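Q:
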Amino acid sequence: MVVCAEYNHSVPPALKNLLDHFGPAEFAFKPSGIVTYSTGPFGGVRAGIHLREILADLGTTSIPAAFPISQVQTSFDEKGTALNASYNQKVSLFLDSLEWYAAALKDARATGTPSEALK
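Numbering of the sequence shown is given in this note's numbering, commencing with residue 882 and proceeding in unit increments.
Below, the structure written as C-alpha cells:
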C-alpha cells in the first residue's frame, strides 16, 4: 500500500526518489493499493494517476480501486476516526480488493514468473 500526498498535482519528489531506489525485483507481480490525500476537494487523485504509472513501471499491479481522502485536515478526529461515514465503506471495498489481488497474485507467482520481468 502506497500512501501519497499530492504535491503540485503529482507525487512528492521524496516518494518518487524512494520508489526509484528499488527495482522491479522488489515489486514485480505483487499488488499495490494507492491511498492519496490532499487538503483540497479532489483527495490527491491527480497524484494517484501519476503514481499508478510509476508503480506499473516497477512491475506492481495497482488494484483498480483507489482510496482518495479529500480535505484531510477535517476528515478525521484526533483519534483517527473518519468523520465521514462513507470512508468506512470505501476503505472496506479498497482493502477487500487489495486482499483479493494479493491472494490471486500469490497463487500466480507460485506457478512461476517471467524471468525477464525481474531484471
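Beta carbons are placed, not taken as given, at the ideal position from N, Cα and C, and that holds for glycine. From a predicted model like this one, the values you see are computed outputs, not experimental measurements.
1) Can you name the start and end residues of the beta strand (DSSP E) that A946 belongs to?
2) Would you check if the stretch 909-918 and the stretch 942-950 touch, i.e. whether three or more CB-CB distances between them fall below 8 Å?
3) My output table needs one value for T992: the three-state DSSP class, helix, strand or coil.
4) Distance, Cα to Cα, A966 vs A886?
5) Leaving out five residues on either side along the sequence, give the residues of the same chain with a beta carbon under 7 Å from the beta carbon of G924.
6) If you draw a straight line from the C-alpha of V926 to the C-alpha of L932, how long is it?
7) Are the Cβ atoms of G940 and F975 separated by less than 8 Å?
8) So within the stretch 946-985, which uninterrupted beta strand (DSSP E) runs reach at least 3 residues, ignoring any that extend past its ends?
9) What is the rounded straight-line gap between the Cα of E934 and the Cα of N889?
10) Can you say whether S973 is buried or exposed, counting buried as having 16 or more other CB atoms within 10 angstroms of its CB?
11) For K911, which residues in the same chain have their Cβ closer than 7 Å to its Cβ, ignoring the five residues on either side in sequence?
A: According to the structure shown:
1) As a first step, residue 946 must be located in the sequence shown, where it is residue number 65. Start and end: 942-950.
2) yes
3) Here the question's residue 992 lines up with position 111 in the sequence shown. Coil at T992, not helix or strand.
4) For the purposes of this step, residue 966 is identified with residue 85 of the sequence shown, where counting begins at 1. For the purposes of this step, residue 886 is identified with residue 5 of the sequence shown, where counting begins at 1. Each residue's Cα considered, the two are about 22 Å apart.
5) Here the question's residue 924 lines up with position 43 in the sequence shown. Around G924: T917, Y918, P949, I950, S951.
6) Position 45 of the sequence shown, counted from the first residue, corresponds to residue 926. Position 51 of the sequence shown, counted from the first residue, corresponds to residue 932. C-alpha separation (whole angstroms): 9 Å.
7) Residue 940 sits at position 59 when you count from the first residue of the sequence shown. Residue 975 sits at position 94 when you count from the first residue of the sequence shown. The answer is no: Cβ separation not under 8 Å.
8) none
9) Counting from 1 along the sequence shown, the entry for residue 934 is found at position 53. Counting from 1 along the sequence shown, the entry for residue 889 is found at position 8. Approximately 17 Å, taken between the alpha carbons.
10) For this step, residue 973 is matched to residue 92 along the sequence shown. So S973 ends up on the exposed side.
11) On the sequence shown, position 30 is the one that residue 911 refers to. Cβ within range, chain order: T941, L986.
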